[in-house]
Every structure is written in C-alpha cells, then in structure tokens.
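Chemist:
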Amino acid sequence: MTKVKTGLDVWVAQGFSALKGRRVGAIVNPTSVDSRFLHLADLLGQASGVTLAALFGPEHGIRGEAQYMVAVGEAKDRKTGVPVHSLYGSTFESLSPRPEWLTGLDALVFDIQDVGSRYYTYVYTMALAMKVAAQARVPFYVLDRPNPLGGVAIEGNLVGEGYRSFVGLYPLPNRHGMTAGELARLFNAEFGIGCELTVVPCEGWRREMYWSDTGLPFLPPSPNMPTPDTALVYPGMCLGEGTNVSEGRGTCRPFEQFGAPWLDAEALVARLEKERLPGVAFRPVGFTPTFDKFRGESCNGAFIHVTDRATFQPLRTGIAIFQAVREVSGGQFAWRADAYEFVEDVPAFDLLCGTDQVRRGIEEGWPLSKLLEGFSAQAERFKQQRAPYLLYT
1 MTKVKTGLDV
11 WVAQGFSALK
21 GRRVGAIVNP
31 TSVDSRFLHL
41 ADLLGQASGV
51 TLAALFGPEH
61 GIRGEAQYMV
71 AVGEAKDRKT
81 GVPVHSLYGS
91 TFESLSPRPE
101 WLTGLDALVF
111 DIQDVGSRYY
121 TYVYTMALAM
131 KVAAQARVPF
141 YVLDRPNPLG
151 GVAIEGNLVG
161 EGYRSFVGLY
171 PLPNRHGMTA
181 GELARLFNAE
191 FGIGCELTVV
201 PCEGWRREMY
211 WSDTGLPFLP
221 PSPNMPTPDT
231 ALVYPGMCLG
241 EGTNVSEGRG
251 TCRPFEQFGA
261 PWLDAEALVA
271 RLEKERLPGV
281 AFRPVGFTPT
291 FDKFRGESCN
301 GAFIHVTDRA
311 TFQPLRTGIA
321 IFQAVREVSG
331 GQFAWRADAY
341 EFVEDVPAFD
351 LLCGTDQVRR
361 GIEEGWPLSK
371 LLEGFSAQAE
381 RFKQQRAPYL
391 LYT
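In full-length UniProt numbering, the protein residues as written are 1 to 393.
1) Do three or more CB pairs link the stretch 286-295 to the stretch 235-253 at distances below 8 Å?
2) Which same chain residues, not among the five before or five after T214, have their C-beta less than 6 Å away from its C-beta?
3) Tell me the residue span of the alpha helix (DSSP H) that contains D42.
4) Check this for me: beta carbons of A18 and F56, under 8 Å apart or not?
5) Taking the beta carbon of K383 as the centre, do at least 16 other beta carbons fall within 10 Å, making it buried, or is it exposed?
6) Can you tell me which of the three DSSP states C299 falls into?
7) I believe G97 touches A129 by the beta-carbon criterion, under 8 Å. Please report the beta-carbon distance rounded to the nearest angstrom.
8) Quick one: any contact between the stretch 261-279 and the stretch 328-346, if contact means 3 or more CB pairs under 8 Å?
9) Determine the direct distance from the alpha carbon of A281 to that of residue 431, and round the result to whole angstroms.
10) Which residue or residues does DSSP assign as beta-bridge partners of W335?
11) Hey, would you say residue 410 sits closer than 8 Å to D77, going by beta carbons?
12) Which residue marks the beginning of the alpha helix (DSSP H) containing T125, and which one marks its end?
13) State the Cα-Cα distance for the pair S369 and G15, rounded to the nearest angstrom.
14) Using C-beta distances below 8 Å, list every residue in its chain close to Q257, excluding the 5 sequence neighbours before and after it, in chain order.
15) Start and end of the beta strand (DSSP E) containing V28?
16) With DSSP collapsed to three states, give me the class of E203.
17) Can you tell me which of the three DSSP states T198 falls into?
18) Nearest to G61 by alpha carbon, out of V10, A337, T125 and S117?
19) List, from N- to C-terminal side, the alpha helix (DSSP H) runs of 4 residues or more that fit wholly inside the stretch 324-387.
20) Let me make sure I understand the geometry here. Which of A75, Y120 and V50 has the alpha-carbon closest to that of L108?
21) Measuring only between beta-carbons, confirm whether G242 sits less than 8 Å from chain B.
22) Cα separation between S222 and E364?
23) What's the C-alpha gap between E275 and A320?
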C-alpha cells in the first residue's frame with residue numbers, strides 16, 4: 001500500500017518554505033500532525049525563519065480537550081506559549097476570528113481533518129476564518145487531508161435558505177465527497193469569500209480511496225468520532241442529535257449504535273429489515289451511556305453493521321432509522337425542542353436535514369422514497385457545481 005502524504009507532510013518536506021519570514025497563525029486540533037505524529041503548532045514553533053504568533057481553537061479545542069457544543073475559552077498553549085484564540089464560544093459571532101487577532105499576521109494556516117459530512121463544523125470554521133482573512137488581506141493556506149468517505153459518492157439534499165446554521169452554513173449535500181481543501185476552493189469562489197487562498201494538496205490520494213486505503217493512522221478529530229467506521233455512518237446518524245434518541249454518545253461506538261430506554265430492540269430491527277437497505281445489517285443491542293442522553297440508564301436499540309461500503313447509503317439509512325424508531329416507540333419518540341447550534345426558531349432535526357421535508361413526512365407517515373424525494377436531483381446539481389474545484393482524480 002502506498003501511503004498518502006497529507007498537505008502537512010508535503011510542507012514538512014519543503015521545510016515550510018512558503019512561510020519563511022512570516023508571522024503565522026494556525027487553526028489546529030489534535031489531528032494537525034505529520035507522519036511522525038508531530039503537531040503543526042510545535043512544528044511551526046520550531047521552524048527556521050517562521051514566527052508562530054497565534055493559534056486558533058475550533059470546537060473541541062486545539063488539543064481536543066472539550067466535548068461537543070461546549071464553549072472553548074481563551075488561553076495560552078502549554079507547549080508553544082503562544083496565545084490561543086477560541087473559535088467556538090456561546091454565540092454565532094464567537095465562531096469567527098476577531099479582526100484584531102489577525103493584526104500583524106502574514107499568513108493564516110488551516111490544518112484539520114474533516115470527515116466528509118456537511119454537519120461537521122470544522123469546514124465552517126475554515127470558511128468563517130477565510131472571510132475574516134479576506135477582509136484583513138491575510139493570505140490563507142489549507143493543508144489538505146483525505147476525505148475518509150472517499151471522493152466519489154454524493155448523497156443528500158442541499159441546505160435550504162431558511163435552514164442555514166453552523167451544521168449547514170452553505171448548500172452542501174449530507175455526504176459531499178470533497179476534501180477540506182476542495183471545499184475551501186468552492187466556498188471561496190461560489191459564495192463570494194474572495195480570500196487569497198492556497199491549498200496544499202495531498203500526494204497519492206485518489207477519489208475512490210476510503211480511509212483504509214490511505215495507509216494513514218486515523219486520529220479522532222473530535223471526542224465522538226473515534227474511528228473511520230464512525231465517519232461512515234455519520235452522514236445519517238448525526239440526525240439523531242435532533243431527536244430524543246441516544247446516538248450512542250457516552251459509549252465506545254457513538255453513531256454506530258443508537259437507542260433509548262423505551263425502545264424494543266427486536267421490534268426495531270425487524271422493522272428496519274423490511275426496508276431492505278443496501279450494504280447494511282442491524283443487530284439488537286443494549287448499552288448504558290456514561291454521559292449525554294440517558295446517562296446511566298440502560299438503553300435498547302440497534303447496532304449498524306456496514307456490510308458493503310460501496311452500496312451503503314448512510315443518509316437513506318439514517319432517515320429510515322428515525323422513521324422506524326418513531327413507529328415502534330409507543331409514542332415516546334420526540335424531536336429535540338431546545339436551541340441547537342445557536343439557532344432557536346428552527347427545530348434541530350430540520351437544521352440537520354436542511355429542510356423540514358423529512359420531519360413533516362415522518363410525522364405524516366410517508367414512505368421512505370417520498371421522504372427522500374428530490375434529493376438525488378439536488379445531489380446531481382451539486383456534483384456539477386463542485387467539478388471545477390476538485391483537486392484529485
């Protein structure tokens with residue numbers, strides 16, 4: 001197997017020559033490491049002729065210390081001693097760098113592993129930082145990394161105008177099949193950001209590659225994304241955040257298993273088997289979350305086993321799951337009602353879906369095919385839109 005070189009490894013081999021003589025800020029998290037597991041913050045701090053002036057921490061922080069939807073505070077990095085600015089606080093405004101944080105910077109570098117689902121917030125952290133960099137006229141660099149889901153399959157609808165949020169800031173499908181660098185190119189051109197953008201591509205990555213084909217170790221990009229298998233089901237199972245069903249947070253296999261104390265696991269699996277969903281099998285399971293929904297309570301549900309990742313459709317599967325859960329719940333299933341990702345007036349499930357079509361349809365008893373109506377056409381439109389920004393074959 002040929003090991004893929006990430007954008008960071010490419011730059012390490014070049015001795016960070018593009019940054020010589022510059023004061024640099026870096027947007028990083030625990031995945032920002034090279035092939036020797038050396039962190040970009042530490043590498044920049046030691047690079048000859050480069051001045052690391054600031055670090056920026058997205059959701060979960062630069063060293064991964066914070067749980068999801070937990071505000072990250074201001075600090076100094078314990079290893080490099082440089083200021084750490086939070087890009088995840090308690091308001092939507094807190095998600096963007098303050099203009100004064102970029103004062104004196106000659107470059108802003110983004111190097112974070114994405115997982116190929118539109119809900120995953122790091123690419124929107126990137127986009128918001130690109131906007132501020134454009135206004136400050138600070139060059140923006142993206143060190144690219146592979147998409148764990150590959151770059152071929154696209155699935156889902158585009159986020160509607162009234163459903164934009166930090167889990168869907170732009171009209172992307174649920175599974176977009178792009179790398180962070182490719183998305184940066186698309187955001188910059190299609191949505192009027194207009195920053196001075198440079199993407200450092202991976203070497204050796206091809207679109208048909210899943211994570212296991214890259215030869216790279218998988219570092220959890222967030223506390224509840226422990227493996228590439230998690231990423232594979234995430235485009236569908238993240239929808240669970242918009243319900244009162246546990247998506248497995250607080251267990252060793254979040255998103256691959258789901259449940260609630262009031263669910264009948266066998267009835268649920270029997271109902272799901274009737275859908276004959278491609279590339280997937282379900283197993284009745286029990287678990288007790290250590291935090292989040294139903295902490296310390298015994299839950300019943302199902303485990304998702306992907307049997308053929310080439311035919312598996314994670315969004316179709318996820319929607320079928322929450323449709324089935326509602327049907328067998330005995331009236332105990334509910335949509336999440338509290339504010340979600342800084343939005344109070346739109347149901348969380350609708351924000352995640354980018355439309356109210358799925359929620360309304362589930363409530364009205366539509367068949368799965370009608371719940372997904374129009375999604376394939378929207379995915380095809382996106383496929384055409386993304387074409388000029390692709391970096392890999």
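C-beta: ideal position from N, C-alpha, C; glycine also.
Keep in mind the model is a prediction, meaning the values are calculated, not measured.
Modeler: With the structure as the only source:
1) yes
2) V4 and P146
3) L40 to Q46
4) no
5) exposed
6) strand
7) Residue 97 is actually Pro in this sequence, not Gly. Indeed, because the Cβ distance is near 6 Å, the residues count as touching under 8 Å.
8) yes
9) Any question about residue 431 goes unanswered here, given that the chain covers just 1 to 393.
10) T243
11) Absent from the model: residue 410. The displayed extent of the chain is 1 to 393, so no value can be given.
12) Y122 to A136
13) 53 Å
14) G248, T251, V285, F287, G301, A302, F303 and I304
15) R23 to V28
16) strand
17) strand
18) T125
19) 348-353, 357-364, 368-371 and 375-386
20) V50
21) The displayed structure is made up of one protein chain only, and chain B is not part of it.
22) 35 Å
23) 8 Å
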